[in-house]
Each structure stands twice: as structure tokens, then as C-alpha cells.
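In my numbering, the protein residues as written are 2 to 438. Cβ coordinates follow ideal geometry from the N, Cα and C atoms, glycine included. Here the structure is a predicted model, which means the values were calculated and not measured. One structure is given here, and the rest of the page talks about it.
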């Protein structure tokens, strides 16, 4: 614990040194406002000559546009791992530490630390974060089992439906009551962010407790997978409505039905076609001698489905999740027999690099100054309560006698990465010139 605090203190010192240098540059620039017009024109000429890099944190020289991205990665990865380590020592998930570091990084100006704002506005960092979130949903899909999803009993299906509808309606209603000045589409999106259950977090917790093979666990994991699929469909509908509103039109019942059909057809079609194509593709690839073939083909498959989803106006994460659902260990059994590592093991180092960038960047979008506004903190607390209550309603969907209904309901509560991904989509959607959330 002591070493973690020392490392964080050193990182803070480095950030302070850069901030001091940047703030001195800013303060020295104020007297120039009283300089002669000729001097001002010379300064403008020099600024134009230095180019785009100075706008993003001073990345000049031979590196060009990549230089500020490299510096951003140094800061983000180091801080994410240090804060993740600290939070794990405190008994909390590392992802919470990554988010908190992002919040600190995005609000340094409140403490008169300047010069690091280029991180949250860097296009290069944003692209890496988007790839990270695609791979994260790919991993979530890999952790899910499509056979279990298709073979679940009525309890899992009913638990999933209740776990989507109840928090969606409660979140929508709370937002409409407490934020009446906002448009209905914003209320709908806030409700949608409460729908999904984190399959990854739930599975890991149950595994740690030694309950991975209980009947309650089978109901929870089956429901969580269906829950995510339904949540993605709702996200697609709300996203489509917001995009339609941005063009000055409204989404009618026929349009909503079209989006639902499109999302369902894409998911079902991708799963059916992909389940037929992928084993044959990997069997053919097993005859090649190239190393790293399993990872390369799997990533290409994931990116292809993510691009396909985007091409029909669905979120890329829908395609990435479908790709993860499709791929099964049986599909690349021949490659595993040749010495290839399991796909989850191969993905781990890539996700360890890209996924923290996404969570840190998400944290930088949190403006702490808004919590000083009247009612914001109360709304955040009530939304958290509603999110938990909405999932607790899942207990009503357990039909089998003898099962622990409370355990099933609690197992459906974690949102984790999926809820944050939904929030990230909302931050990128514009409604009348303003982000949805």
C-alpha cells in the first residue's frame, strides 16, 4: 500500500511540473496583449508555423501529430495502473481506480493545474479508446455462451426481461420527474443506460465465491447474456430516435419497429451465418504455419462485424458482442492443438493496453463542478438507488421452487463496463448541438 501511494505521489509531481511550465507560459503570454501590432502579427506567424501540434499539448518536432498522443499514453497508462493497484489493495475493482484517475485528470483545472487538457480532446486517444471498447465488448461476448443462452429455461428469460424493462422505466421516470426541462429522448437514454448487466463482473464474483456451477448461477448468467442483447436493442432504438431528431425529423412507430427488426436480424443473422462460417474458416487456417493466426483472424472477425453493425447505423459494439458470442473454443480446436494459446489469453495483453485508455477517457468527461449545482448530487444518488431497485425486481422472474431469489436479483445488479459503454455512446450523440449526456 505504501509503495502504491509513493508511486502516485511521484506521478502527481510529474504532472505538477508539466502544469507549472504550461501555466507560466500562459501567464507570460498576458503582457503580449499590450504589445505593438507588429509584435502581435509576428507571434501569430510563429504560431501558424509551429502548426497543429502545439494545440494538443506541445507535440512538435519529428513526431508530428503522434507526439502528444505518446505523452497522453504515458500519463494515462501509468496513472490507470497505479490507481488500479491502489483500489485493488482497498478491496475495490481496478476499473474503479482507472475511472477515478480519469476524473482527477479531467478536473485538474479546478486545482489550477494546466496543460493536460489535450488528453481529453486528442483524436488519437479517442480512436484508441473506441477500439478498446470494441475489444471489451468482444471479450464480454466471449465470456458468454450462446448454447447456454439458447437453452435457458423460462426463469432466465423472464429474469432478463424484467431486468431490462424495470430499470429502463424507473430511470426514464426519475429523469422525467427530476429533470423536466430536458427532452424526452434524454430521459429515454438515461433509462437505457440502466438496462445492461455486466456478465464479466457477475461471472468473476460467482467464480471467486465457488458458486459457478449452482442452479442460481446458471439462471443469472443465462439472464445476463439475454439482458445484454435486449439492452443493445434498446440502445439501438434510442440512438436511432436521437439521430432522427438531429436531422429535424421524428421517429414514428414504423421507424422504431424497423430499428428493432434491424438489430434483431443483424444479431441473429450474424450468429447463424458466423456459427457456420467461423469453424470452417479456422479449420482452413489451421493448415497454415503462420504464428499468431488465431489472434489475427479473431480480431479481423470482430472488427468486420463491428464495421458491419456501424454500416447499418447500429453501434459497433453490437457487432463486437455478436462476434464474441459466435466464436467458440471448438471452432479453433485444431489451432489450439498446434500450440496456440486460448483466445482469451491472447486478447488479455491487448485489452490491458487499450481498455484502461477507454475508462480513463470516460473519467475525464466527468465535470466535478456540476456536482455543485442544485439537485445534481441528489439525482445521481437517486439514480443509483433506482438502478439497484430495478434489478432487484428480477427476483419475481424466478419460477423454479427452492432457488434463492435474492441471490439471483443481486447477481443481476452489476453494470460495470457495459453501462459505461452506453454512457459513452450518449456522450457522443448530439441533440440540438449538445451531447445527450
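Just to confirm, are residue 245 and residue 164 a CB contact at a threshold of 8 Å? Taking the C-beta atoms as reference points, residue 164 is found no nearer than 8 Å to residue 245.
Out of curiosity, what's the CA-to-CA distance linking residue 73 and residue 128? Straight through space, the alpha carbons of residue 128 and residue 73 are spaced by roughly 13 Å.
Going by DSSP in three states, residue 198 sits in which element: helix, strand or coil? Here residue 198 sits in coil by DSSP.
Between the stretch 355-362 and the stretch 66-84, are three or more C-beta pairs nearer than 8 Å? A contact exists between the stretch 355-362 and the stretch 66-84.
Just the Cα atoms here: how many angstroms apart are residue 431 and residue 402? Each residue's Cα considered, the two are about 48 Å apart.
Quick one: any contact between the stretch 300-314 and the stretch 134-149, if contact means 3 or more CB pairs under 8 Å? Judged by Cβ distances under 8 Å, the stretch 300-314 makes contact with the stretch 134-149, as three or more pairs qualify.
Only counting runs of 4 or more residues, tell me where the alpha helix (DSSP H) segments fall wholly within the stretch 244-329, in order along the chain. Here the runs fully enclosed are 254-286, 294-312 and 317-327.
Taking its Cβ as the centre, do 16 or more other Cβ atoms sit within 10 Å of residue 345, making it buried, or is it exposed? So residue 345 ends up on the exposed side.
Going by DSSP, what residue range makes up the alpha helix (DSSP H) through residue 363? In this chain, the alpha helix (DSSP H) harbouring residue 363 covers 344-365.
Exposed or buried, residue 155, counting other C-beta atoms within 10 Å across all chains shown (16 or more means buried)? Classification of residue 155: exposed, given that the 10 Å Cβ count is below 16.
Residue 431 (DSSP reduced to helix, strand or coil): In this structure, residue 431 counts as strand in the three-state DSSP scheme.
Same chain only: Cβ atoms within 6 Å of residue 449, ignoring 5 sequence neighbours per side: For the chain, the structure presents residues 2 to 438; residue 449 sits outside this window and is missing.
Just curious, the alpha helix (DSSP H) that residue 163 is in, first and last residue? Its alpha helix (DSSP H) spans residues 155-179.
How many Å lie between residue 235 and residue 161 at the Cα? Pairing residue 235 with residue 161, the inter-Cα distance amounts to about 13 Å.
Of the residues 267, 184 and 188, which one's Cα is nearest the Cα of residue 175? It is 188.
Whole angstroms is fine: what's the gap from residue 212's alpha carbon to residue 405's? The straight-line gap separating the alpha-carbon atoms of residue 212 and residue 405 is approximately 13 Å.
Residue 167, buried or exposed, once every other Cβ within 10 Å from all chains shown has been counted against 16: Residue 167 is buried by the Cβ-count criterion.
Where does residue 350 land, buried or exposed, given buried means 16+ other C-beta within 10 angstroms? Residue 350 should be labelled exposed.
Can you list, in chain order, the residues of its chain whose CB lies under 6 Å from that of residue 393, leaving out five sequence neighbours each side? 410.
Straight-line CA distance for residue 51 to residue 314? Confidence is the limiting factor: at residue 51 the pLDDT is only 42, short of 50, which leaves the residue's position unreliable and the question unanswerable from this model.
Short Cβ contact (8 Å threshold) for residue 1 with residue 283: The requested residue 1 does not occur in the structure, where the chain is confined to residues 2 to 438.
Leaving aside the five residues before and after residue 173 along the sequence, list all residues of the same chain whose C-beta is less than 8 Å from its C-beta, in chain order. Same-chain partners within the cutoff: 188, 189, 191 and 192.
Relative to the C-alpha of residue 97, which residue among 169, 108 and 81 is closest? Comparing Cα-Cα distances from residue 97 to each of 169, 108 and 81, the minimum goes to 81.
Assign residue 412 to one of two classes, buried (16 or more other C-beta atoms within 10 Å of its C-beta) or exposed (fewer than that). Note on residue 412: 16 or more other CB atoms within 10 angstroms of its CB, so buried under the neighbour-count rule.
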